[in-house]
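Numbering (the working numbering), first residue to last: 1 to 477.
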Ligand code: HEM
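This is the structure we're talking about:
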């Protein structure tokens, strides 16, 4: 079959699928009548303006801002084949995130569900979700992270040494760094060599298939993503079996979960995870922890270059820490646990960049908000980017100003790591990675941006489109 007939077949298939989706959603459309907003063209909805504004400098913010001005805090739209209600504000945050009465569940895209599997933390809900969170949360606690600190510190020093006198794409470098950290933390993967290359190659294919069309056809991104997932699972199967045989014992995340999963554990032990659960959740942590931390680190370095006064204050905090060490290059655990200004800079980065611009949920029962009746089954998105740019909460919201976090904020004003039962379990690890990396960067190097383009990639996690190229020099020159 030549390419053009394959393309026609794919197009026909997509039209038929879209037709079914459209017919199915027709009843919701009529019920949504009273919710303000516009559903755009049949089938296409407002997808074109959504996609074009998504990649602009202000990203999704300009799409939601225009509609909020026209329709208010709650509005309907139809994008990417989905009828969706967008809502914003602290009250919406409380209703959607607090988990109270279980009125919503997480609403993952079809591609995400298929790749991460049915037992992932992101595809389960209720009691099963609670149990998984407890098991996964334990090895991600601040105390448990101590044992990976040395590795993160060494890797940051080594990575940055490679930047000396060079032009680098910060996004690519941050991506390599964060993947090495998380792969080491989860399964003791060596930072260099064949195993790391395999993880990286498969992971790249998996990551890029989330925002693809759900076509399980050879040559399509989604099909490639599923194949890469299978290769990754085969790799994990072999690691798990060696660990079980006792041939290889490590002190990592996988080992902690395997210990709970051991044959000695009673059959009804609530801490027992099946192999499928182990693999689904290891992949989930890799996916959820990689792009987010990569994007945050890159935005932070970009915002620092654009705000020399903040850079100066932050450098002073790190220089003070370094001076107290009397010559040693390596950070200590107590130093990294005491970087108050750095934590404010991280929070301000997550506010201004809002790398996850909305949180997707599905109503599991009828409820009302701002006089709008939401029906069971509807897709609802919490528009976080508008909350992070609300001038009543964050005056002059475009300004990068870490002092906004000098005092505690009201609940549900700042959602950099989310809130409630779905709040990010990897928060401590992400902060640790960023603090360590920033310390070594600021103490030894300065950098100059080589491209001022502010556009963002059209991906679920917001990242600079130009990957932020910079020229790096040692600080003393
Ligand atoms: C700066 C980096 C990070 C940011 C900004 C971030 C942000 C978030 C946010 C906002 C949520 C909640 C989404 C929602 O409610 O729909 C979330 C959930 C999640 N994050 Fe992170 N995250 C980061 C790093 C990490 C890391 C390093 C890991 C893993 C090691 C991780 C694993 C997860 C998982 C598994 C969930 C889903 C939790 C659940 O559904 O119960 N994240 N993250």
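By construction, the Cβ of each residue, glycine as well, lies at the ideal position given by its N, Cα and C atoms.
Could you name the residues of the same chain whose beta carbon sits closer than 8 Å to that of residue 200, not counting the 5 residues immediately before and after it, in chain order? 176, 179
Euclidean distance between Cα positions of residue 193 and residue 443:
29 Å
**Message:** Counting C-beta neighbours from all protein chains within 10 Å, is the total for residue 112 16 or more, i.e. buried, or is it exposed?
**Reply:** buried
Handout entry: Residue span of the beta strand (DSSP E) that contains residue 139, given as start and end
Key = It is not in any beta strand (DSSP E) - residue 139 carries neither H nor E in the DSSP assignment.
Regarding residue 426 and the ligand HEM, is the C-beta to nearest heavy atom distance less than 7 Å? yes
#### Entry: Range covered by the beta strand (DSSP E) that runs through residue 372
372-374
Selected residue, minimal CA-CA separation from residue 357, among 63, 39, 275, 36: 63
If you measure from the CB of residue 414, is any heavy atom of the ligand HEM nearer than 7 Å?
no
Residue burial classification, residue 365 (beta-carbon count within 10 angstroms, cutoff 16):
exposed
Just grab the DSSP bridge partners of residue 74 for me.
87
Limits of the unbroken alpha helix (DSSP H) element including residue 194: 194-209
Measuring only from the beta carbon, is residue 126 closer than 7 Å to any heavy atom that is part of the ligand HEM? no
Judging by CA-CA distance, which residue of 251, 437, 427 is the nearest neighbour of residue 331?
437
**Message:** Here's the rule I'm using: 16 or more other beta-carbon atoms within 10 Å means buried, otherwise exposed. How should residue 401 be labelled?
**Reply:** buried
- prompt: Helix, strand or coil: which one does DSSP assign to residue 163?
  reply: coil
Between which two residues does the alpha helix (DSSP H) holding residue 481 run? An answer regarding residue 481 cannot be provided, because it is not within the stretch 1 to 477 covered by the chain.
- Given that a residue counts as buried once 16 or more other Cβ atoms are within 10 Å of its Cβ, and exposed if not, what is residue 100? exposed
Review point. Helix, strand or coil for residue 381 per DSSP?
Key: strand
As a quick exercise: from 450, 422, 301, pick the residue whose alpha carbon is nearest that of residue 134. 422
Could you check where the alpha helix (DSSP H) with residue 490 kicks off and where it finishes? Because the chain here runs from 1 to 477, residue 490 falls outside it and cannot be looked at.
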